[in-house]
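Colleague: One line per chain: the protein sequences are A and B, in this order.
Counting in UniProt numbering, the first sequence runs from 1 upward without gaps.
Counting in UniProt numbering, the second sequence runs from 1 upward without gaps.
Below is the structure I would like to discuss, written out as structure tokens.
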Amino acid sequence: MPREAEPSLSERTFTLQAISEGLRLDSRKLDQFRPLELSFGDEYGVADVKLGKTRVLAKVSAEVTVPFSDRPFDGIFQITSELGPMVAPSFEVNRPTETEILLARLLEKTIRRSGALDTESLCLIAGQKCWSVRVDLHILSADGNLIDSSCLAVVAALRHFRRPDTSIEGETLTIYTAAEREPVPLSWLHSPFCTTFDFFGEDGEIVLVDTTWLEEQLRVGSVTFSLNKHGEICQISKLGGKPVEATLIIQCAQMALAKSKEFTDLVDARLAEDAKRRDKGGLMAELSAENER
Amino acid sequence: MPLDTSTYSLALLRIDGRRWNDLRRLHAQIHTQDAADGSSYLEMGHTKVMCVVTGPAEPQAGQKKGTVGSAQATGQKEGASIVVNVVVAGFSSVDRKRRGRNDRRIQEMEITIQKALAANLHTHLFPHSTITVSLHVLSQDGSLLAALINATTLAVIDAGIPMTDYITACTAGSTSSYAAGDDAADPLLDLNTQEEQELPYLTVGTLGDSDKVAVLVCESRVQVSRLEGMLVVGVDGCKQVRRLLDGIVKQKGRKMIKEGAVRRSDMMAVSLDD
Chain A
1 MPREAEPSLS ERTFTLQAIS EGLRLDSRKL DQFRPLELSF GDEYGVADVK LGKTRVLAKV
61 SAEVTVPFSD RPFDGIFQIT SELGPMVAPS FEVNRPTETE ILLARLLEKT IRRSGALDTE
121 SLCLIAGQKC WSVRVDLHIL SADGNLIDSS CLAVVAALRH FRRPDTSIEG ETLTIYTAAE
181 REPVPLSWLH SPFCTTFDFF GEDGEIVLVD TTWLEEQLRV GSVTFSLNKH GEICQISKLG
241 GKPVEATLII QCAQMALAKS KEFTDLVDAR LAEDAKRRDK GGLMAELSAE NER
Chain B
1 MPLDTSTYSL ALLRIDGRRW NDLRRLHAQI HTQDAADGSS YLEMGHTKVM CVVTGPAEPQ
61 AGQKKGTVGS AQATGQKEGA SIVVNVVVAG FSSVDRKRRG RNDRRIQEME ITIQKALAAN
121 LHTHLFPHST ITVSLHVLSQ DGSLLAALIN ATTLAVIDAG IPMTDYITAC TAGSTSSYAA
181 GDDAADPLLD LNTQEEQELP YLTVGTLGDS DKVAVLVCES RVQVSRLEGM LVVGVDGCKQ
241 VRRLLDGIVK QKGRKMIKEG AVRRSDMMAV SLDD
């Protein structure tokens, strides 16, 4: 079974020494993110997030199925992620690693359990028909901070997604194509975003955000906060690692809130840009017989 | 089944009659299994867990490194690797559910305990060996992760594996749900299942008598302003738990000296009189 290559001793010493002096290899500040690029695909519900060399693609799809018998009024919503050998040789297909389990669990807690998507609105006919919304997360390249970028990609893709419009008359359910009726967005309640803080140093007193793969290998502990812009914590996970002072955790929570507001603004701005790009002037433009010469 | 916690503000008593900062009855035994290297049994209220520690021992041939739950601490190749298994008994909660081995929630708990131990145990003293921690959940009534962490600490002490200090854990909650934006919400300590279903809560695990947080898991929606209050109460609860666990370890030590299992030496700061 292939193992992840570990940083060499000299690499390790150099990086840690630099961090303890407040320097990072890519000359960022300790609390500075790499430039974040978010773009949407031609289809609805495709979001591509680039954070330095990390690249994540999320694709949303929806189909009509039968709801679970124990939850007749709820639609189905699932997030699947796969870390394949394309990312790093240590990831194998069908054998989830620790990274993958924690990533899937974190996305589930942040987005699904916090009720970001109103699953009741996905119900069409109680107990018989509902929408099944599925997010496929593809990690295309991993250079640290997979969690934050994946969460952003999933949230952005879901907010960008449009499902076909439906109507019910008596017993008949009609699903309209995009040509017949404009597709409708999902009923979205709030947008949580993850921020991961990594601890370095003897007592874990140095805090870094958005660590690269190398820095991630050398950290002594980490904590991930998921918050929305209203200051609601959806999830906190500090799963073991070196113990850090409780006051530092509180400081991190405040930083995470500020970061979450930044992410919200970014996603809102990109969504608005994309909507503008798609908006060709509505029905009047479509019906016009004028040609561009 | 949701519980009506609105009565709390009237009498300041919780559904089981506790005050906000009361722990449930914590009962623990150490060295329950004679054949094991280390073992413990712990009850926090109606949450009952058992822990068996095997090792440090030579890694078994079948045990592959890096598989789920046994992921060794990166960068500690020279030290012992730690494997944690959590088994939740089918009869442990009210509704009998079959949980597969691939339940992500259980796997997350295994990884949490494994990582918390890896940073605390002096694994570098046992190169090329494995420490196996098997946890069995017999009954669930809230604070499951906390109980598992406390039981593990006791069993590791029983196994005689050197560690920095106790890792103790407990849960802390807040009296009003996230929807109500009132600032007058009181923090609560050590929640049971009913309270966990109704209220936002977090599990906090600290190292020894310090304020250092080793484990912090929150899965419910809560205002960020409430975090500080909940964390303070949780850390304080961990200190109470540590005193209780320390008492249990010392009591067992005294008993072992009295029975002659261990020779008394002048180095021991234990008085046998009480």
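Glycine included, every Cβ here is placed at the ideal spot set by N, Cα and C.
1) Under three-state DSSP, which class holds residue 28 of chain A?
2) According to DSSP, is residue 50 of chain B helix, strand or coil?
3) Please report the distance separating the alpha-carbon of residue 251 of chain A from that of residue 232 of chain A.
4) Does chain A have any CB closer than 7 Å to the CB of residue 149 of chain B?
5) Within the 7 Å Cβ cut-off, does residue 252 of chain A reach chain B?
6) Which residues in chain A have a C-beta closer than 8 Å to the C-beta of residue 60 of chain B? List them in chain order.
7) How many Å lie between residue 85 of chain B and residue 174 of chain A at the Cα?
8) When you check each C-beta in the segment 214-234 of chain A against every C-beta of chain B, which residues fall closer than 8 Å?
9) Compare the C-alpha of residue 121 of chain B against each of A/258, A/289, A/241, A/290 and name the closest.
10) Which of helix, strand or coil does DSSP assign to residue 259 of chain A?
11) Do residue 159 of chain A and residue 131 of chain A come within 7 Å of each other at the CB atom, strictly closer than that value?
12) Please state if the CB of residue 149 of chain B and the CB of residue 172 of chain B are separated by a distance shorter than 7 Å.
13) Would you tell me roughly how many angstroms separate the C-alpha atoms of residue 33 of chain B and residue 54 of chain B, rounded to the nearest one?
14) DSSP three-state label for residue 235 of chain B, please.
15) Are there 16 or more other CB atoms within 10 angstroms of the CB of residue 69 of chain B, so buried, or fewer, so exposed?
16) Quick one: measure Cβ to Cβ for residue 235 of chain A and residue 226 of chain A, integer angstroms, because I've assumed they're closer than 8 Å.
17) In whole angstroms, give me the CA-to-CA distance for residue 135 of chain B and residue 82 of chain A.
18) Should residue 2 of chain A be labelled buried (16 or more other beta-carbon atoms within 10 Å of its own) or exposed?
19) Pull up the distance between the alpha-carbon of residue 75 of chain B and that of residue 278 of chain A, whole angstroms please.
20) Do residue 138 of chain B and residue 109 of chain B have their C-beta atoms closer together than 7 Å?
21) Looking only at C-alpha atoms, which of A/228, A/248, A/243 sits nearest to residue 265 of chain A?
22) Is residue 258 of chain B close to chain A? Criterion is C-beta to C-beta, closer than 7 Å.
23) Rounded to a whole number of angstroms, what is the C-alpha to C-alpha distance between residue 240 of chain B and residue 85 of chain A?
24) Residues bridged to residue 43 of chain B by DSSP?
25) Taking the alpha carbon of residue 47 of chain B as the point to measure from, which residue in B/27, B/99, B/225 has its own alpha carbon closest?
26) Looking at residue 82 of chain B: is its Cβ nearer than 7 Å to the Cβ of residue 114 of chain B?
27) Contact between the segment 50-65 of chain A and the segment 141-161 of chain A is defined here as three or more beta-carbon pairs at a separation below 8 Å; is this criterion met?
28) In chain order, which continuous runs of the alpha helix (DSSP H) of length 4 or greater are located wholly inside the UniProt domain "Exoribonuclease phosphorolytic" (191-258) of chain A?
29) As a quick exercise: from A/98, A/47, A/70, A/109, pick the residue whose alpha carbon is nearest that of residue 192 of chain A.
30) Please decide whether residue 51 of chain B counts as near chain C, where near means a Cβ-Cβ distance under 7 Å.
31) What does residue 205 of chain B pair with, by DSSP beta-bridge criteria?
32) Hey, which unbroken runs of the alpha helix (DSSP H) at 4 residues or more fall wholly within the segment 85-158 of chain B?
33) What ranges does the beta strand (DSSP E) occupy inside the segment 3-74 of chain A, keeping only unbroken runs of at least 3 residues that lie completely in it?
34) With 16 as the cutoff for other CB atoms within 10 Å, does residue 251 of chain B come out buried or exposed?
35) Determine the chain B residues that contact residue 246 of chain A at a beta-carbon separation under 7 Å, and present them in chain order.
36) Please confirm whether residue 74 of chain A and residue 120 of chain A have their CB atoms less than 7 Å apart.
Modeller: In short:
1) Three-state DSSP puts residue 28 of chain A in coil, outside helix and strand.
2) strand
3) 15 Å
4) no
5) Interface residue (Cβ-Cβ distance to chain B less than 7 Å): residue 252 of chain A is not classified as such.
6) By Cβ distance, chain A contributes nothing, its closest Cβ being about 16 Å from residue 60 of chain B, past 8 Å.
7) A direct Cα-to-Cα measurement between residue 85 of chain B and residue 174 of chain A gives close to 50 Å.
8) Residues 217, 218, 220, 221, 223, 227, 231, 232, 233, 234.
9) A/241
10) If DSSP states are grouped into helix, strand and coil, residue 259 of chain A belongs with the helices.
11) 7 Å or more divides the Cβ of residue 131 of chain A from the Cβ of residue 159 of chain A.
12) no
13) 11 Å
14) helix
15) Here the model assigns residue 69 of chain B a pLDDT of 40, short of 50, so the residue's position is not dependable and the matter cannot be decided.
16) 4 Å
17) 29 Å
18) exposed
19) Because the pLDDT of residue 75 of chain B is 41, which lies under 50, any placement of that residue in the model is unreliable, and the question is left without a value.
20) no
21) A/228
22) no
23) 47 Å
24) B/27, B/48
25) Minimum Cα distance to residue 47 of chain B is reached at B/27.
26) yes
27) yes
28) 213-218
29) A/109
30) The chain labelled as chain C is not found among the protein chains of the depicted structure, namely A and B.
31) Partner(s): B/169, B/215.
32) 104-120
33) 36-40, 46-51, 54-65
34) exposed
35) 211, 213, 231, 235
36) yes
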